[in-house]
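Number 477 in UniProt numbering belongs to position 477 of the sequence shown; there are no gaps in the numbering. Heads up: the structure comes next, in structure tokens.
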Amino acid sequence: MAEKEILRGGQFLVKETNCEDIFTLEDLSEEQKMMRDSTKEFVDRELWAHWERFEKKDYAYTEETMRKAGELGLLSVAVPESYGGMGMGFVSTMLVCDYISGATGSFSTAFGAHTGIGTMPITLYGTEEQKQKYVPKLASGEWFGAYCLTEPGAGSDANSGKTKAVLSEDGKHYSISGQKMWISNAGFCSVFIVFARIGDDKNITGFIVENDPSNGISLGDEEKKLGIHSSSTRQVFFNETKVPVENMLSDRGNGFKIAMNALNVGRIKLAAACLDAQRRVIGEATKYANERIQFKTPIINFGAIKAKIANMVTNVYADESAAYRAAKNIEDRIAMREAAGNSHQEAELKGVEEYAIECSILKVAVSEDCQSTTDEGIQIFGGMGFSADTPMESAWRDSRIARIYEGTNEINRMLAVGMLVKKAMKGHVDLLGPATKVGEELMGIPSFDTPDFSELFAEEKDLVAKLKKVFLMVAGSAVQKYGAELENHQQLMMSASDILIEVYMAESTILRTEKNVKRFGEAEQATQIAMSKLYLYTAVDTVIQRGKEAIVSFAEGDEQRMMLMGLKRFTKYTNNPNVVALRTQIADKVAADNGYTFD
Numbered sequence: 001m002a003e004k005e006i007l008r009g010g011q012f013l014v015k016e017t018n019c020e021d022i023f024t025l026e027d028l029s030e031e032q033k034m035m036r037d038s039t040k041e042f043v044d045r046e047l048w049a050h051w052e053r054f055e056k057k058d059y060a061y062t063e064e065t066m067r068k069a070g071e072l073g074l075l076s077v078a079v080p081e082s083y084g085g086m087g088m089g090f091v092s093t094m095l096v097c098d099y100i101s102g103a104t105g106s107f108s109t110a111f112g113a114h115t116g117i118g119t120m121p122i123t124l125y126g127t128e129e130q131k132q133k134y135v136p137k138l139a140s141g142e143w144f145g146a147y148c149l150t151e152p153g154a155g156s157d158a159n160s161g162k163t164k165a166v167l168s169e170d171g172k173h174y175s176i177s178g179q180k181m182w183i184s185n186a187g188f189c190s191v192f193i194v195f196a197r198i199g200d201d202k203n204i205t206g207f208i209v210e211n212d213p214s215n216g217i218s219l220g221d222e223e224k225k226l227g228i229h230s231s232s233t234r235q236v237f238f239n240e241t242k243v244p245v246e247n248m249l250s251d252r253g254n255g256f257k258i259a260m261n262a263l264n265v266g267r268i269k270l271a272a273a274c275l276d277a278q279r280r281v282i283g284e285a286t287k288y289a290n291e292r293i294q295f296k297t298p299i300i301n302f303g304a305i306k307a308k309i310a311n312m313v314t315n316v317y318a319d320e321s322a323a324y325r326a327a328k329n330i331e332d333r334i335a336m337r338e339a340a341g342n343s344h345q346e347a348e349l350k351g352v353e354e355y356a357i358e359c360s361i362l363k364v365a366v367s368e369d370c371q372s373t374t375d376e377g378i379q380i381f382g383g384m385g386f387s388a389d390t391p392m393e394s395a396w397r398d399s400r401i402a403r404i405y406e407g408t409n410e411i412n413r414m415l416a417v418g419m420l421v422k423k424a425m426k427g428h429v430d431l432l433g434p435a436t437k438v439g440e441e442l443m444g445i446p447s448f449d450t451p452d453f454s455e456l457f458a459e460e461k462d463l464v465a466k467l468k469k470v471f472l473m474v475a476g477s478a479v480q481k482y483g484a485e486l487e488n489h490q491q492l493m494m495s496a497s498d499i500l501i502e503v504y505m506a507e508s509t510i511l512r513t514e515k516n517v518k519r520f521g522e523a524e525q526a527t528q529i530a531m532s533k534l535y536l537y538t539a540v541d542t543v544i545q546r547g548k549e550a551i552v553s554f555a556e557g558d559e560q561r562m563m564l565m566g567l568k569r570f571t572k573y574t575n576n577p578n579v580v581a582l583r584t585q586i587a588d589k590v591a592a593d594n595g596y597t598f599d
């Protein structure tokens, strides 16, 4: 345990990780596999078999299936046993979130809003009385939760909300007035987590507010949305709603902190929620391509279709690899803090906060892969994919929201780099030392020896190490040039962020496969080896493009020439992979299995 804990959040960039030290889906315990299988069974029976009901805005069915999920204990996996939950570890909670979210975005939004931002702020910030009163009802599904943060004028700038909380003269309750929008589960929730400002406080404050229409609470109509049709999304109006002082969540002015920490967990869970959606789309697309005959042959035999399937499959394999790697890091960090005497609340908060960079990376990468997978799913189905009679069209619409909620992908890209720079300034991640070394390497004479890349992944791991140097070169120079003003150079931060994302995703994929090759042998992992190589190849291309864009935009003259030379040196393969052969190998395996079989 101690060995793995050396790696703090963001340190993947400057320290080498051994494949033995990462967790993969192949490491699931028997109990976790049973949990996964029972979740899949529930989804196939209650959700997938009735996907059309979710498209027809059957809000009552969403509520009904949420209650059934509650009866099966699926709403309580992350809740400590002392409050009626299963008290499962972070990986298990990711697993349930992953496999429960594949059939329909409507249910997965309701599930995520309830178990995450609807329940978690109370379990993590609530007093003992608050937890005893509310959490068991939320864990069982007797009550549902919702989270009221966004307002018409306060979206990404969450702390700018106008909702007010005024203390009564007798000091016994607060009177809350204001308007909240885009509130998931608003139509059937029993309790709201509401953020409001007391007086002229700099930061907002959190409150637990029971949904009682006679207490000045009213709802707008159901929003008309592009996707997630049966997820109840409404405006909520508070008109002098009385809330007892004992229902303040945490301390006065702590609301912004609660909101931000809830989003950290929300981000990695959102990444999990985009995994099984991709697997199911791949399964449907593969079955269709195997059965659809054109020009006297199944369309799966065409290279253009093979390329699509190979890319879709490779992306979700990478997404799984990175998501479960980070989930286990968080779980281990929580356990370490609990062993050191932290309360469960404190341990979980700090454990997730430690890996906030990875949570942002995953939110961006996996939501964007999910969008492209559903898009290619439609394309493989052709005209049928565009029809609302097949589930491809709804999958594409549902996936679109994932790039917006839990902080837009643009915000998360900037957060990932911004948080990393802050960690460096606090001394938690040494970026300066390695960045200086890269600078010295650029000034030196490169080695022209041909390295020995005979061992599996030797060249790929060497390339990942060099991609890290690209990030250090670009980000290091940018920090030197702009210092604290870096956050005003958003386009530059976006480029750096894309490099950071590709480094983490590519490394996670290679480490997962390397670990499994050592256990199961090369022959058994042949397709996974091909996927790891293909993912890295496309990652290198992204790094070249984004690195060049950054360098030519902020460096000039000799510095620019030297950095462009460095970029070329750090992204150069000694032996280029045969990309078409890799894609063909991957697609043929998926076609033979009639779907995705790597989870």
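Using N, Cα and C, we set each Cβ at its ideal position, and we do this for glycine too.
* Asked: Three-state secondary structure (DSSP) at residue 219?
  -> Position 219 of the sequence shown, counted from the start, is the residue given in the question as residue 219. Residue 219: strand per DSSP, three-state reduction.
* Asked: If you draw a straight line from the C-alpha of residue 129 to the C-alpha of residue 38, how long is it?
  -> Residue numbering aside, residue 129 sits at position 129 when the sequence shown is read from its first letter. Residue numbering aside, residue 38 sits at position 38 when the sequence shown is read from its first letter. Going from the Cα of residue 129 to the Cα of residue 38 covers about 33 angstroms.
* State the start and end residues of the unbroken alpha helix (DSSP H) segment that holds residue 184. => Translated into positions along the sequence shown, residue 184 becomes position 184. Element bounds for residue 184: not the alpha helix (DSSP H) but the beta strand (DSSP E), 173 to 184.
* Roughly how far, in whole angstroms, is the beta-carbon of residue 312 from the beta-carbon of residue 376, given that I think they are within contact range, below 8 angstroms? -> Looking up residue 312 in the sequence shown gives position 312. Looking up residue 376 in the sequence shown gives position 376. Indeed, because the Cβ distance is near 6 angstroms, the residues count as touching under 8 angstroms.
* To do: Under 6 angstroms Cβ to Cβ from residue 278, same chain only, skipping five residues before and after it: list those, please.
  => Taking the first residue of the sequence shown as position 1, residue 278 is located at position 278. Excluding sequence neighbours, residue 278 sits near 316, 370 and 373.
* Comparing alpha-carbon positions, which option in 505, 168 and 493 lies nearest residue 245? -> One-based indexing of the sequence shown puts residue 245 at position 245. Looking at the Cα atoms, 168 is the closest of the given residues.
* Whole angstroms is fine: what's the gap from residue 194's alpha carbon to residue 120's? => As a position in the sequence shown, residue 194 is number 194, starting the count at 1. As a position in the sequence shown, residue 120 is number 120, starting the count at 1. Distance between the alpha carbons of residue 194 and residue 120: 13 angstroms.
* For residue 228, collect the residues of the same chain with a Cβ closer than 7 angstroms to its Cβ; drop the 5 residues on either side in sequence, then sort them by chain order. => Taking the sequence shown and counting its residues from 1, one reaches residue 228 at position 228. If we look at residue 228 and ignore the five residues flanking it on each side, its Cβ neighbours are 105, 106, 109, 398 and 401.
* Anticipated Cβ contact below 8 angstroms, residue 584 with residue 306, distance rounded -> If you number the sequence shown from 1, residue 584 lands on position 584. If you number the sequence shown from 1, residue 306 lands on position 306. Between residue 306 and residue 584 the Cβ distance is about 6 angstroms, and since that is below 8 angstroms, they are a contact.
* For residue 528, which of helix, strand or coil comes out of DSSP? -> For the purposes of this step, residue 528 is taken as residue 528 along the sequence shown, with counting starting at 1. Helix.
* Closest residue to residue 343 among 161, 541, 153 and 80 (Cα-Cα distance) -> As a position in the sequence shown, residue 343 is number 343, starting the count at 1. Comparing Cα-Cα distances from residue 343 to each of 161, 541, 153 and 80, the minimum goes to 80.
* To do: For residue 4, collect the residues of the same chain with a Cβ closer than 7 angstroms to its Cβ; drop the 5 residues on either side in sequence, then sort them by chain order.
  => Taking the first residue of the sequence shown as position 1, residue 4 is located at position 4. Residue confidence for residue 4 is low, a pLDDT of 47 falling below 50, so the modelled location carries little weight; the figure read from the coordinates is stated next. Here the set comprises 21 and 332.
* To do: Flag this pair as touching only if the region 531 to 541 and the region 456 to 466 have three or more C-beta atom pairs under 8 angstroms; answer yes or no.
  => yes
* Helix, strand or coil: which one does DSSP assign to residue 419? -> One-based indexing of the sequence shown puts residue 419 at position 419. Correct three-state label for residue 419: helix.
* **Rounded straight-line distance, which links the Cα of residue 133 to that of residue 190** => Residue numbering aside, residue 190 sits at position 190 when the sequence shown is read from its first letter. Residue numbering aside, residue 133 sits at position 133 when the sequence shown is read from its first letter. Near 13 angstroms, if we compare the C-alpha coordinates of residue 133 and residue 190.
* Residue from 205, 339 and 326 whose Cα sits closest to the Cα of residue 248 -> Residue numbering aside, residue 248 sits at position 248 when the sequence shown is read from its first letter. For residue 248, the nearest C-alpha among the options comes from 205.
* For residue 210, I'd like the list of residues in its chain whose CB is within less than 6 angstroms of its CB, leaving aside the five on either flank, ordered along the chain. => If you number the sequence shown from 1, residue 210 lands on position 210. Within the same chain, residue 210 has close Cβ partners 191.
* Asked: Expressed to the nearest angstrom, what Euclidean distance is found between the alpha-carbon atoms of residue 499 and residue 118?
  -> Against the sequence shown, residue 499 aligns to sequence position 499. Against the sequence shown, residue 118 aligns to sequence position 118. Spanning the two alpha carbons is a distance of roughly 34 angstroms.
* Under three-state DSSP, which class holds residue 405? -> Here residue 405 refers to the residue found at position 405 of the sequence shown. Residue 405: coil per DSSP, three-state reduction.
* To do: Let me know the secondary structure DSSP gives residue 80 once reduced to three states.
  => Translated into the one-based positions of the sequence shown, residue 80 becomes position 80. Residue 80: coil per DSSP, three-state reduction.
* **residue 495 classed as buried or exposed, judged by whether at least 16 other C-beta atoms fall within 10 angstroms** => The count along the sequence shown starts at 1 and reaches residue 495 at position 495. Residue 495 should be labelled buried.
* Alpha carbon to alpha carbon, how far is residue 72 from residue 595? -> Here residue 72 refers to the residue found at position 72 when the sequence shown is read from its first residue. Here residue 595 refers to the residue found at position 595 when the sequence shown is read from its first residue. Cα to Cα, residue 72 sits roughly 28 angstroms from residue 595.
* In three-state terms, what does DSSP make of residue 241? -> Reading the sequence shown from its first residue, position 241 is the one you call residue 241. In the structure shown, residue 241 sits in a strand (DSSP, three-state: E or B).
* Spatial distance of residue 337 from residue 471 (CA atoms) -> The residue labelled residue 337 in the question sits at position 337 within the sequence shown. The residue labelled residue 471 in the question sits at position 471 within the sequence shown. Taking the straight line joining both Cα atoms gives about 31 angstroms.
* How big is the Cα-Cα spacing for residue 559 and residue 473? -> Walking along the sequence shown from the start, residue 559 turns up at place 559. Walking along the sequence shown from the start, residue 473 turns up at place 473. Roughly 11 angstroms separates the two Cα atoms.
* To do: Would you kindly report the start and end of the unbroken beta strand (DSSP E) that includes residue 313?
  => Your numbering for residue 313 matches position 313 in the sequence shown. Here residue 313 belongs to no beta strand (DSSP E); instead the alpha helix (DSSP H) covers 303 to 339.
* Can you tell me where the alpha helix (DSSP H) with residue 568 in it begins and where it stops? -> Stepping through the sequence shown from its first residue, residue 568 is reached at position 568. Segment 557 to 570, the alpha helix (DSSP H) holding residue 568.
* To do: Please check if any C-beta of chain B sits within less than 7 angstroms of the C-beta of residue 358.
  => Absent from the structure is chain B; it holds one protein chain and no more.
* To do: Can you grab the Cα-Cα spacing for the pair residue 2 / residue 200, in whole Å?
  => For the purposes of this step, residue 2 is taken as the residue at position 2 of the sequence shown. For the purposes of this step, residue 200 is taken as the residue at position 200 of the sequence shown. At residue 2, the pLDDT of 44 sits below 50, so the modelled position is not reliable and the matter cannot be decided from this model.
* Asked: What is the DSSP secondary structure of residue 457, counted as helix, strand or coil?
  -> Taking the first residue of the sequence shown as 1, we reach residue 457 at position 457. Reduced to three states, the DSSP call for residue 457 is coil.
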